[in-house]
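See below for the structure under consideration.
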Amino acid sequence: MMRPIRAACLGAATLVTLLTCTSVAADAATDTGSAPAGGKGRTITLRAVVQELHRFPVVEGSVSQGDQVVARSDLSYLSDAAHTKIGESHVTCTTTRGGDDEAEQCVATYVLPGGQLTVQGMYFNYLDQGPFDNAITGGTGRYDKARGSVHSEPIGPGVRRFTIHLV
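Residue numbers (my numbering): 1 to 167.
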């Protein structure tokens, strides 16, 4: 049985993420669209707003090993006050440790102008809605063979800041 989780309760995964609850100033390192070829050696700062999130529990009413979370968020540049959509994030997470000290293994794809980034990692204490860091495992197009990391933190209800560090 599918049980939707409201966006206000999302810690985003992701999501990678899920995705992704406090206010924050725009990051001075926000991407302006003028990147080196291949998207290497730069920082991109995005705003992610959850559009859809569902948790598929193994045991209804509890967080248990094997639970699945699937989420989709709209992405915009954090510095863009109009929040013009430039892409999406798609995240799936599997609970590997249930209870109050929950852990989830998450896989995410960021669909961005010029290509996609794939990201993977752990998200601890989903219920706390805290920050997390994941590894960039690859990409397509201008992100071909991308490496680096993604830092995610809540910046509002159902909204997260993704700081993507490409190396």
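The beta carbon of each residue, even a glycine, is placed where N, CA and C say it ideally should be. For clarity, every value in this text was computed on a predicted model and none was experimentally measured.
Under the three-state reduction of DSSP output, residue 114 falls in the coil class, being neither helix nor strand. In this structure residue 76 does not touch residue 117 by the C-beta definition: roughly 16 Å separates them, more than the 8 Å allowed. The three-state secondary structure of residue 144, taken from DSSP, is coil. DSSP lists 159 as the bridge partner or partners of residue 156. In this structure, DSSP gives residue 100 a helical state, which the three-state scheme calls helix. Residue 62 is classed as exposed because its beta carbon has fewer than 16 other beta carbons within 10 Å across all chains shown. Around residue 166, the same chain offers 39, 40, 41, 42, 43, 44, 136, 143, 146, 147, 148 as residues with beta carbons nearer than 8 Å, after the five sequence neighbours per side are excluded. Annotated three-state conformation of residue 108 is strand, per DSSP. Cβ-Cβ distances below 6 Å link residue 111 to 87, 88 in the same chain, with the five nearest sequence neighbours on each side left out; the list follows chain order. Within the same chain, no Cβ atom closer than 6 Å to the Cβ of residue 99 is found once the five residues on either side in sequence are excluded. With distances taken between CA atoms, residue 120 lies nearest to 104 out of 104, 113, 130, 129. Per DSSP, residue 139 is one residue of the beta strand (DSSP E) stretching across 132-139. Secondary structure note for residue 84: it is in no beta strand (DSSP E), with a DSSP letter that is neither H nor E.
Linking residue 152 to residue 90 through their CA atoms gives a straight-line distance of about 14 Å. Burial is judged here by how many other beta carbons sit within 10 angstroms of a residue's own beta carbon; residue 69 has at least 16 and is buried.
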